[in-house]
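Take a look at the structure:
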């Protein structure tokens with residue numbers, strides 16, 4: 020069974036609601052062994068307040084996780100006040116403690132994949148942040164920057180680096196053998212960045228056998244549905260990715276931290292605090308975050324397996340190149356003459 024670590028997120032948000040609703044279906048426990056990094060007291064409070072019935076088992080170390088049940092690893096034992104819908108220092112601290120413990124256990128190989136619960140705390144920066152749903156995969160070349168700072172950091176080398184990483188991610192994590200990548204433009208009409216940075220980067224990627232196309236203005240690219248012709252899109256900054264993705268998403272969107280050894284996903288929960296404590300949140304995004312993490316873990320195993328024990332190159336091949344052997348091979352013409360005489 021694949022062991023899925025799940026951090027509870029901000030304790031004043033909807034993390035526990037999404038977790039309990041996701042694993043209410045027994046079929047999920049046949050797919051993986053979930054280990055929730057959180058607080059038994061906070062979990063009990065959320066479940067009682069929301070009127071949910073999902074059972075769970077409290078454990079104190081990841082090695083004690085049992086198949087066929089929802090395991091709750093007690094990271095926080097002390098009392099933690101819950102104020103639904105309000106992100107405060109105490110709730111953010113609880114989210115950070117769960118993530119820290121999960122990172123420690125990940126370093127020790129105690130679980131296979133990580134799903135991060137909704138939190139106002141910024142997750143560790145990923146080499147290539149991605150947004151994924153059934154319609155679209157969109158990666159971000161930069162994240163967390165003010166728009167005015169983006170042109171200063173966009174370089175030909177950066178675009179090549181991120182596009183190459185996206186290309187490898189699509190091949191290894193999504194098992195797309197020859198991915199097609201669209202690269203978005205910075206300006207709505209061709210400008211200095213498009214002519215001097217993006218187009219040369221796309222040409223260089225072509226020389227490296229990466230199928231990269233563009234640059235495309237984001238408004239017409241998404242407005243006209245051109246994204247359907249590609250396996251993934253490389254946006255230049257986060258809002259350029261988030262706006263169209265949320266428009267095209269139907270509650271199944273997942274954030275994926277691509278380009279790192281640990282498979283890490285998270286649900287895109289826009290109502291993390293607005294609906295906290297109301298039992299109104301849809302768990303679909305959390306379920307898909309679990310699905311995606313498991314799929315990527317398996318895809319990596321299948322991709323890496325043939326590369327583990329490659330055949331050794333035979334530097335010395337035994338061949339008989341003597342004159343006798345070479346000239347004893349009958350020519351086609353000689354064979355035909357013999358057949359006529361017979």
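Residue numbers (the numbering used here): 20 to 361. The C-beta atom is built at its ideal place from N, Cα and C for all residues, glycine as well.
How many angstroms separate the CA atom of residue 222 from the CA atom of residue 27? Locating residue 222 in the chain shown gives position 203, where the first residue counts as 1. Locating residue 27 in the chain shown gives position 8, where the first residue counts as 1. If I take the Cα positions, the gap works out to 44 angstroms.
Rounded distance between the beta-carbons of residue 131 and residue 22, thought under 8 angstroms: Your numbering for residue 22 matches position 3 in the chain shown. Your numbering for residue 131 matches position 112 in the chain shown. Correct: roughly 5 angstroms between the Cβ atoms.
Do residue 251 and residue 189 have their C-beta atoms closer together than 8 angstroms? On the chain shown, residue 251 is found 232 positions in, with the first residue counted as 1. On the chain shown, residue 189 is found 170 positions in, with the first residue counted as 1. Yes. Within cutoff.
Would you identify the three-state DSSP class for residue 362, choosing helix, strand or coil? No statement about residue 362 is possible, as the shown extent of the chain runs from 20 to 361 and does not include it.
So residue 117 is in the alpha helix (DSSP H); what residue range does that whole segment cover? Taking the chain shown and counting its residues from 1, the one referred to as residue 117 is at position 98. Counting along the chain, the alpha helix (DSSP H) containing residue 117 begins and ends at 108-126.
Residue 79 versus 59, 179, 323 and 181, residue with shortest Cα-Cα distance: As a first step, residue 79 is located in the chain shown; it is residue number 60 there, counting from the start. Per the Cα distances, 59.
Backbone secondary structure at residue 281 - three-state DSSP: The count along the chain shown starts at 1 and reaches residue 281 at position 262. Correct three-state label for residue 281: coil.
Contact belief for residue 90 with residue 76 at Cβ below 8 angstroms, rounded distance in angstroms: The residue you call residue 90 lines up with position 71 of the chain shown. The residue you call residue 76 lines up with position 57 of the chain shown. The Cβ separation is near 6 angstroms, so the contact holds.
Supposed close pair residue 371, residue 235 - CB separation, criterion 8 angstroms: The requested residue 371 is not part of the displayed model; the chain covers only 20 to 361.
Under a three-way DSSP split, which group does residue 195 fall into? Residue mapping note: residue 195 aligns to position 176 of the chain shown, counting from 1. Residue 195 falls in the coil class under three-state DSSP.
To the nearest angstrom, how far is it from the Cα of residue 116 to the Cα of residue 227? Within the chain shown, numbered from 1, the residue matching residue 116 stands at position 97. Within the chain shown, numbered from 1, the residue matching residue 227 stands at position 208. Rounded to whole angstroms, residue 116 to residue 227 spans 43 angstroms at the Cα level.
Residue span of the alpha helix (DSSP H) that contains residue 310, given as start and end: As a working note, residue 310 is residue 291 in the chain shown. Counting along the chain, the alpha helix (DSSP H) containing residue 310 begins and ends at 303-327.
Can you give me the start and stop residues for the beta strand (DSSP E) that residue 232 sits inside? To locate residue 232, count along the chain shown from 1; it is residue 213. Taken as a continuous stretch (DSSP letters only), the beta strand (DSSP E) holding residue 232 covers 230-235.
In whole angstroms, give me the CA-to-CA distance for residue 102 and residue 35. Mapped onto the chain shown, residue 102 falls at position 83. Mapped onto the chain shown, residue 35 falls at position 16. If I take the Cα positions, the gap works out to 14 angstroms.
Round the Cβ separation of residue 259 and residue 288 to the nearest angstrom and send it over; I've been treating them as touching at under 8 angstroms. Within the chain shown, numbered from 1, the residue matching residue 259 stands at position 240. Within the chain shown, numbered from 1, the residue matching residue 288 stands at position 269. Going by Cβ atoms, the distance from residue 259 to residue 288 rounds to 21 angstroms, so no, they are not a contact pair.
What's the C-alpha gap between residue 322 and residue 277? In the chain shown, the residue the question calls residue 322 occupies position 303. In the chain shown, the residue the question calls residue 277 occupies position 258. C-alpha separation (whole angstroms): 16 angstroms.
Using DSSP bridges, identify the partner residues of residue 57. As a first step, residue 57 must be located in the chain shown, where it is residue number 38. 93, per the DSSP bridge assignment.
Answer with buried or exposed for residue 119, where buried requires no fewer than 16 other C-beta atoms within 10 angstroms of its C-beta. As a working mapping, residue 119 is identified with position 100 in the chain shown. By the 10 Å Cβ count, residue 119 comes out exposed.
Where residue 26 sits in the DSSP three-state scheme: Mapped onto the chain shown, residue 26 falls at position 7. Three-state result, residue 26: strand.
With DSSP as the reference, label residue 173 as helix, strand or coil. Translated into positions along the chain shown, residue 173 becomes position 154. In the structure shown, residue 173 sits in coil (DSSP, three-state: anything other than H, G, I, E or B).
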